[in-house]
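Here the structure comes first, spelled out in structure tokens, and everything after it is commentary.
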Amino acid sequence: MTVLGGGVAIAINAWMDRGPETRVSQGPVAGHPLLVSSDGLTLTLNIGWGCEERPELVAQESTGTVTVSLRHTVRPGFCDLGGAAQIATRLSEPLGTRTLDDATGKPAVHFDERKLLRPAFLPENYYPSPAGRMVYLPGLAAVPTDTPAWAVRYTLGTEPDTQGSLIIGQTLRSSTPPPGKAATVKGLPASITHADSPGGPHSLTWSDGTYTFVVTTGGPPRLTDEELVRVAEGLG
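Residue numbers are given in the working numbering: position 200 of the sequence shown equals residue 200, and the series is strictly consecutive.
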């Protein structure tokens, strides 16, 4: 007897529930990190999906409001396990002072790229991955979705030959650093935590009273604690 994992079972159930016709529906973006680009023209969302086509990010514009939603398309036939990616849509004009709402009519939680700090120092041969894009990686550097937050990933080397990861997360929320090895970043209290597993990530966490920052290294190879602090000190 074959025992199915949860994800496989869900996908098979969804496939069995499929009708003979293509189904298209609109849904909210709540629960997924959302970014407004520095020029206010591009909205980017990180999402994972299963048993449907890659979802589309849709924006409806008016004089005072931009409403964003996810368009889901489910076609009859074989159901794969889906994927995870960034999806984006471009506005006809900058968001500006217009409100950004979810399909539910509530404000859409989003991060303003203009507020995103960038590292002045990166270890040798570390590059944005994928080049020039911001990414959210569940599990390694979790980003909350109930408050504005975003994360940028860097890798040792470039695609397709990449190795260790460096992820810089920024959340619009003040917090106290978790228990760990005491450190300081720009004179502020910070802590360094190491995962229990030998190959697990190491993270440096601190808050400036407005944002909480997490610099995470995943390997192999991993950055040293001293390199984590140096990356953090160079954010600006």
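Note that beta-carbon positions come from the ideal geometry of N, C-alpha and C, so glycine has one too.
What three-state label does DSSP hand residue i in the structure shown?
i: Lys-115; result: helix
i: Leu-166; result: strand
i: Ala-183; result: strand
i: Arg-75; result: coil
i: Arg-153; result: strand
i: Ala-195; result: coil
i: Gly-229; result: Rather than Gly, the amino acid found at residue 229 in this sequence is Val. In the structure shown, Val-229 sits in a helix (DSSP, three-state: H, G or I).
i: Gly-31; result: coil
i: Asn-125; result: coil
i: Ala-85; result: strand
i: His-202; result: strand
i: Arg-173; result: coil
i: Val-36; result: strand
Can you give the beta carbon distance from residue i to residue j, rounded, assuming they're within the 8 Å contact cut?
i: Ser-174; j: Ala-183; result: Contact flag wrong, Cβ pair sits at about 18 Å.
i: Gln-26; j: Ser-69; result: 5 Å
i: Tyr-154; j: Leu-166; result: 4 Å
Alpha carbon to alpha carbon, how far is residue j from residue i? Give it in angstroms, no decimals.
i: His-194; j: Asp-146; result: 26 Å
i: Val-152; j: Cys-79; result: 31 Å
i: Val-29; j: Trp-206; result: 29 Å
i: Ala-88; j: Leu-35; result: 9 Å
i: Asp-196; j: Pro-55; result: 36 Å
i: Pro-178; j: Gly-187; result: 17 Å
i: Thr-73; j: Val-58; result: 13 Å
i: Gly-209; j: Ala-232; result: 16 Å
Output yes or no for whether 8 Å exceeds the beta carbon distance between residue i and residue j.
i: Arg-75; j: Thr-42; result: no
Check: Pairing CB atoms from the region 193-203 with CB atoms from the region 215-235, are three or more of them under 8 Å?
Finding: Taking one beta carbon from each stretch, the region 193-203 and the region 215-235 have 3 or more pairs nearer than 8 Å; the two touch.
Notebook entry, point to check: Three or more beta-carbon pairs under 8 Å between the region 70-85 and the region 104-119, yes or no?
Noted result: Pairwise C-beta distances place the region 70-85 out of contact with the region 104-119, as fewer than three of them are shorter than 8 Å.
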